[in-house]
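Report on the structure given below.
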Amino acid sequence: MSVRRNIMLGTAGHIDHGKTALVKLLTGCDTDTLTEEKQRGLTIDLGFAPCRLADQRVVGIIDVPGHVDFIRNMVAGAHGIDVVILVVAADDGIMPQTVEHLHILTLMGVRHGLVALTKTDLVDSARRQAVTVQLRQMLAGTFLADAPICPVSNTTGDGFDAFYDALNAVVAACEDRPCTGMFRMWIEDAFSIRGAGTVVTGIPMTGTVRVGQVLTVLPLGVEARARRLQVYGRDTNEGRAGECVALNMPELDHQALRRGMVLCEPDMLEPVKMAEGQVRLLAGVKSSLKDNAEVQLHVGTATVQARVALLEDSLLAPGQAQMAQLRLAEPLPIAPGDKFVLRANLPAAGQSGLTTIGGGRILGTSNIKLRRKKPWTIAALRARLDAVDEPMRWVELMLQESNRPLTLAELQRKCLLRQDEIAHVITQLCAAGRLGQGPSGGLVHQDAVERAAGKILRAVTEFHSAHPQQLGVGRDELIERVECAAELFALALDKLLGSNRLEKTGAVFALPGWHARLTDRDRWLAEQVENAFKKAGWLSPTTAELAARLAVQVEEVEKAVKLLIDRGMLVRLSDKIVMHRDAIEAGKRVVLELFARSPSFTTMQFRDALGVSRKYAVPLLDHLDRIRFTVRQGNTRTPGAEARKQMV
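Right, here's the structure in full:
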């Protein structure tokens, strides 16, 4: 077989302008295969055929329907087109579907193409010239502004050679679709062949697929193996993005499959009902799009009802774009980078039925409804829009956005790239010093660490303002204020301490140079409370007892206790028990004495050694467990790592 190029051609244009006849001239194939198509003389569904180029390489071609009633099928085919042949009949000229198809192609990101001016045998040269001028005016400012306009007759063949040469030149200037990423294909069709079983067809969006590979059908969630594989009707071992692929998957029930489902690698995607992206309203639309407007969403080969929740303003004016959240009536396995088309009823435009009003790009998915005019959300989506076509930038952006370290598998699912592709990007980011590892080995971007550090500094500053009499804020309270994943918090905290942007005093953290604003009474009370706890040893007093003894309010004692805990003089063992640090050190010495006699001891033995009740002995033992001085095994304790260091 000739060498394949993974580029997909496609026709577009109004009904009965000669798209299917032109494809037959190019390929020798009649793409109208449905009985109804033969009877009615029009294309209803998508047709596929291989097209041999002048250099003998082969590309695919999609013939799309031109009738307004089958726009849904046209959009399903347009998602796979790289080079378009816009077909316009010289006798009719520009018609409604000519314009709508051009809008759809633009919204789907097609950037290459040419115009075939057909039925030239039915008109004179003056008419051909007039239609050519009209086409140039319509195409001005579009991706076809400088495209060749080639007169051709499908009936006589006049002009076909020049058209074929122009087509070859356009295809030669188009780069093959990249085969990077994990395999993902919107299903175009599924049927059963006697003796082979279920066959699934489509144009892969990304990646490659090989014979024997296990794939998942979404949203069904069922897995099956590709027994055989064909590209353009020929058996092969591999299918690539941008090719027309047919997969023999006998384990699947073809009656359960339908257009709009996705075939992809396992554990890659999840169907969602909410997705964020940029929505652009066509300039020719006669009215603005309102927030929460109901639309028909076309993405890949799928069509679903949706509402558009605008995120920047309550109205989207014609010709303008803004970020929005699409809220779908049913879940779809969509992914960042997917292009979509919106169609709706617009009575204000004087039109009946659905018409194409705009489209855009998927930038992310979520499971919560987003609120309007949130600066961070808008900024994040704009950054995604700039990075969505560049794998390295997208990987880095996902790491920058994350509020916790990500595993390689998590990053792979977020970016839909192969492991080797992810590893290559990670190597580059690490070499540039922009990437590091969290305590458990997850990947973390330095920007994410610095963002968390900024949150910590703001939280400490706010704490100082609200509590000027306190030395600083404790770790647990700081984590609650920052709302940050524990691993990222630890990295950011270490960075702040290492760079002297934060100081640790006892058990609390404060800004450099911070001094608690204590009154003489505060200092006196703190001294009295510390002395009381120090003298009490393991028999800790309550705040009520101290308040009565010192003739002060309980609240004042509690304030003094917190101050002493912050300074590291007292340690809270439980909700009700606080001990002086000297008592805890004395408790450690008792533990070491018990271990000197036996490899383990019970709670009762520890209690008796202290000469106190379980009320005090158990919280102290639990604290020693937490700091790894002891290890609990049932009702006994054995030496922990910290105790073993002192037992050597």
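Numbering-wise (this note's numbering), the sequence shown opens with residue -16 and increments by one. All residues carry an ideal CB built from backbone N, CA and C; glycine is no exception. As the structure is a computational prediction, the values presented were derived from the model and not from experiment.
For residue i, the residue or residues it bridges with in DSSP
i: residue 149; result: None, per the DSSP bridge assignment.
i: residue 545; result: Per DSSP, none; premise fails for residue 545.
i: residue 6; result: Bridge partners of residue 6: none, in fact.
i: residue 169; result: 186 and 245
i: residue 259; result: 308 and 347
i: residue -5; result: 69
i: residue 175; result: 181
i: residue 457; result: 491
i: residue 552; result: Paired residue(s): none; residue 552 is not in a bridge.
i: residue 86; result: Looking at the DSSP assignment, residue 86 forms no beta bridge with any residue, so it has no partner.
i: residue 376; result: Answer is none; residue 376 lacks a bridge partner.
i: residue 231; result: 182 and 211
i: residue 562; result: 554
i: residue 191; result: 223
Inter-residue Cα distance where the pair is residue i and residue j
i: residue 315; j: residue 9; result: 36 Å
i: residue 544; j: residue 376; result: 51 Å
i: residue 603; j: residue 612; result: 11 Å
i: residue 632; j: residue 348; result: The chain is shown from -16 up to 631; residue 632 falls before or after that span and cannot be answered.
i: residue 519; j: residue 472; result: 37 Å
i: residue 21; j: residue 34; result: Here the model assigns residue 21 a pLDDT of 35, short of 50, so the residue's position is not dependable, and the following value carries that caveat. The straight-line gap from Cα to Cα measures roughly 22 Å.
i: residue 157; j: residue 394; result: 31 Å
i: residue 228; j: residue -11; result: 11 Å
i: residue 251; j: residue 366; result: 23 Å
i: residue 404; j: residue 387; result: 22 Å
i: residue 253; j: residue 287; result: 17 Å
i: residue 568; j: residue 552; result: 12 Å
i: residue 248; j: residue 146; result: 40 Å
i: residue 607; j: residue 513; result: 21 Å
i: residue 589; j: residue 430; result: 49 Å
i: residue 269; j: residue 298; result: 13 Å
i: residue -7; j: residue 47; result: 7 Å
i: residue 537; j: residue 458; result: 25 Å
i: residue 246; j: residue 467; result: 36 Å
i: residue 593; j: residue 601; result: 11 Å
i: residue 201; j: residue 452; result: 59 Å
i: residue 605; j: residue 556; result: 8 Å
i: residue 516; j: residue 509; result: 11 Å
i: residue 502; j: residue 541; result: 16 Å
i: residue 193; j: residue 72; result: 41 Å
i: residue 355; j: residue 323; result: 21 Å
Cβ shell of residue i (< 6 Å), same chain only, five flanking positions each side left out
i: residue 176; result: 182
i: residue 370; result: 376, 377 and 380
i: residue 570; result: 603
i: residue 258; result: 309, 317, 345 and 348
i: residue 474; result: 432
i: residue 173; result: 183, 237 and 240
i: residue 116; result: none
i: residue 389; result: 425 and 426
8 Å contact criterion, which residue i and residue j should meet: CB distance rounded
i: residue 425; j: residue 470; result: 7 Å
i: residue 224; j: residue 161; result: 7 Å
i: residue 207; j: residue 231; result: Their Cβ separation, rounded to whole angstroms, is 10 Å, which puts residue 207 and residue 231 out of contact at 8 Å.
Contact set for residue i: own chain, Cβ-Cβ below 7 Å, skip 5 residues either direction
i: residue 478; result: 432 and 436
i: residue 670; result: Nothing about residue 670 can be read from this structure; the chain reaches only from -16 to 631.
i: residue 153; result: 66, 95, 96 and 97
i: residue 125; result: 85 and 89
i: residue 151; result: 36 and 37
i: residue 24; result: The predicted position of residue 24 is uncertain, since its pLDDT is 35 and thus under 50; a value taken from the coordinates is nonetheless stated next. So the list is empty, once near-sequence residues are dropped.
i: residue 438; result: 465 and 467
Identity of the residue in the options nearest residue i by Cα
i: residue 241; options: 261, 217 and 169; result: 169
i: residue 325; options: 395, 272, 128 and 406; result: 272
i: residue 321; options: 304, 342, 328 and 313; result: 342
i: residue 69; options: 552, 132 and 108; result: 132
i: residue 295; options: 76, 282, 284 and 275; result: 275
i: residue 279; options: 265, 302, 270 and 312; result: 312
i: residue 351; options: 374, 298, 497 and 256; result: 256
i: residue 597; options: 465, 155 and 523; result: 523
i: residue 42; options: 130, 155 and 459; result: 155
i: residue 489; options: 292, 456, 418 and 134; result: 456
i: residue 233; options: 244, 464, 205 and 215; result: 205
i: residue 448; options: 209, 76, 493 and 197; result: 493
i: residue 495; options: 504, 484 and 412; result: 484
i: residue 511; options: 497, 498 and 530; result: 530
i: residue 136; options: 121, 56 and 101; result: 101
8 Å Cβ shell around residue i - same chain, five flanking residues per side excluded
i: residue 401; result: 163, 164, 165, 190 and 395
i: residue 564; result: 551, 552, 553 and 554
i: residue -9; result: 42, 43, 44, 45, 63, 64, 65, 66, 160, 186, 225, 226 and 227
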